[in-house]
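Numbering (my numbering), first residue to last: 1331 to 1798.
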């Protein structure tokens, strides 16, 4: 045996050599192994397999050079996702308004039937002004955006582009000791966080799957977008001339989304170094070929498996919330309703984070569905016994300013809307996917702590500097 060769004839020797290799290559060892395996396989295939060059493979390679490059990959990804969001928001406005008109017209017919049947006012209030009205809002607000977003998202998936997105961001997630596939679950969360949590099934590692579930809420779903857009339009876009309003609001909304993504990276890193310690698994992602999508399959998967699945859960959660909210607004203790008593009790905590008691209460009562937060807030401010919605943003602006809203109130309301706890539909999905009440509670607790902490820091800093 040569002098420079060390025999590894003991288990201890093998372990020592393995540790030396690990220290030398670090977390990239598994990637090096996978790369070597594929390189050797490709080398062997080239020697024994001949295939004629095709225009398709040529263009596939050219597209991959662009879509997965470090220079063009990220900008193209942001442009495409922004385009999906823009189409969703713009395309949903008209059908949402039409659907709301139809549903609330039927509410008027229900009222006629209840009066004709001689039903008591409290029964009409609970079932029509409470339960049905909440259902109508959730359906009108959620259905059109999801019916647009999910088919577009599924179309990108069928085209073969989404695996390229995961490939591009895999390195960033690995630095957080998470999985690159988490970006796909985040994209799904923009449509609905419940759907995003369900999509975490694509992550093989249980540890990394839990990280994706716990952090999915930091990307805003379509239930939170109407609130964010309305407040941004009033307090950000409204501060400028009309010709710049849309551009400024768009940039501000994009900044909020990027903030949510940044917090996702930070919390993923913290979880990977605390309660979910571990090394990032090696993601062997074989990029599929670009292909013509099957439109029938796209429509079925996006509408049946995703849109109606999520909408059904939201409706089941929103119905009792509407009835409970009506009761709180119409049952009085002394001269104040239960709603007013609760808001008064929450005022000290709400003030500390830059809100007021009614805003915080609206978020709490909006736990079943984020879509009903603003109607609950208006009902509370205007002391009306049922949820309402104003036709013009100028009317909403007048109501908010008359109740003491400042730029700090608006900013922290948007931050809290972005970061606060998931809706009950998302929590139910988290429980079904994790199979654990503990992880479900943490799915609620983590964004709650982050939301309160961020708003507290912003509010106290602004007040300390005398900015409000």
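Beta carbons are placed, not taken as given, at the ideal position from N, Cα and C, and that holds for glycine.
Everything numeric in this text was worked out from a predicted model, so none of it was measured.
Taking the alpha carbon of residue 1678 as the reference point, which residue from 1687, 1370, 1524 has its own alpha carbon closest?
1687
So residue 1489 and residue 1623 are supposed to be a Cβ contact under 8 Å. How far apart are they, rounded?
That pair is a contact at about 6 Å.
Burial state of residue 1647, where buried means 16 or more other Cβ atoms lie within 10 Å:
By the neighbour-count definition (other C-beta atoms within 10 Å, threshold 16), residue 1647 is a buried residue.
For residue 1284, the nearest candidate out of 1372, 1496, 1552, 1534 (CA to CA)
With the chain covering only 1331 through 1798, there is no way to say anything about residue 1284.
Sorted by chain position, which residues of the same chain lie with C-beta nearer than 7 Å to residue 1699's C-beta, five sequence neighbours on each side aside?
1468, 1553, 1644, 1647, 1648, 1651, 1753
DSSP on residue 1761, reduced to helix/strand/coil?
helix
Is it the case that the Cβ atoms of residue 1549 and residue 1566 are separated by a distance below 8 Å?
no
Going along the chain, which unbroken runs of the alpha helix (DSSP H) with 4 or more residues stay wholly within the region 1721-1757?
1723-1732, 1737-1749
Note down the Cα distance separating residue 1726 from residue 1564, rounded to an integer number of angstroms.
Their backbone Cα atoms lie some 8 Å apart in a straight line.
Alpha carbon of residue 1439 to alpha carbon of residue 1723, nearest angstrom:
28 Å
Among the residues of its own chain, which have a CB less than 6 Å from the CB of residue 1759, if the five just before and after it don't count?
1524, 1527, 1528
Which ranges would you report for the alpha helix (DSSP H) in the region 1477-1557 if only whole runs of at least 4 residues count?
1492-1505, 1512-1521, 1523-1528, 1536-1545
Distance check for residue 1391 and residue 1785, CA to CA, integer angstroms please.
Each residue's Cα considered, the two are about 47 Å apart.
Which stretch, first to last residue, makes up the alpha helix (DSSP H) that contains residue 1709?
1703-1711
Residue 1681 by DSSP, collapsed to three states: which one?
helix
Just the C-alpha distance for residue 1399 and residue 1617, rounded to the nearest angstrom, thanks.
14 Å
Limits of the unbroken alpha helix (DSSP H) element including residue 1628:
1625-1630
Distance check for residue 1492 and residue 1351, CA to CA, integer angstroms please.
Below a pLDDT of 50, predicted positions are generally treated as unreliable, and residue 1351, at 47, falls in that range; the measurement from the model is reported next regardless. Roughly 34 Å separates the two Cα atoms.
Grab the span of the alpha helix (DSSP H) containing residue 1773 for me, first residue to last.
First-last of the alpha helix (DSSP H) with residue 1773: 1767-1794.
For my contact list, residue 1508 and residue 1598 are in at a C-beta cut-off of 8 Å; report their separation, rounded to the angstrom.
5 Å
In chain order, what residues of the same chain have a beta carbon less than 7 Å from the beta carbon of residue 1602, not counting five sequence neighbours either side?
1506, 1507, 1508, 1541, 1608
Tell me, to the nearest whole angstrom, how far the beta carbon of residue 1656 is from that of residue 1456; I am working on the premise that it is less than 8 Å.
6 Å
Skipping 5 residues on each side, what residues in its chain have a beta carbon closer than 8 Å to that of residue 1591?
1516, 1548, 1549
For residue 1602, name the three-state secondary structure that DSSP assigns.
helix
Residue from 1466, 1422, 1417, 1452 whose Cα sits closest to the Cα of residue 1437:
1466
Rounded to whole angstroms, what is the Cα-Cα separation between residue 1745 and residue 1593?
A direct Cα-Cα distance of roughly 12 Å separates residue 1745 from residue 1593.
Please return the same chain residues whose Cβ sits closer than 7 Å to the Cβ of residue 1583, not counting the five positions on each side in sequence.
Within its own chain, the residues whose Cβ lies closer than 7 Å to the Cβ of residue 1583, once the five positions on either side in sequence are excluded, are 1558, 1559, 1562, listed in chain order.
Looking at the strands, I want to know which residues DSSP matches up with residue 1666.
1663
At what residue ranges does the region 1390-1469 contain a whole run of the alpha helix (DSSP H), taking only runs of 4 or more?
1403-1446, 1451-1454
Determine the extent of the alpha helix (DSSP H) in which residue 1692 is found, giving its start and end residues.
1687-1695
Applying the criterion that 16 or more other CB atoms from any shown protein chain within 10 Å of the CB defines a buried residue, is residue 1751 buried or exposed?
With 16 or more Cβ atoms within 10 Å of its Cβ, residue 1751 is classed as buried.
Counting only the same chain and skipping the five closest in sequence on each side, list residues whose C-beta sits under 7 Å from that of residue 1737.
1565.
So residue 1767 and residue 1461 are supposed to be a Cβ contact under 8 Å. How far apart are they, rounded?
Not really, about 28 Å apart at Cβ, beyond 8 Å.
DSSP state of residue 1798, grouped into three classes?
coil
Do you know how far the Cα of residue 1426 is from the Cα of residue 1470?
If you draw a straight line from the Cα of residue 1470 to the Cα of residue 1426, it comes to about 5 Å.
Do you know offhand how far residue 1626's Cα is from residue 1394's?
27 Å
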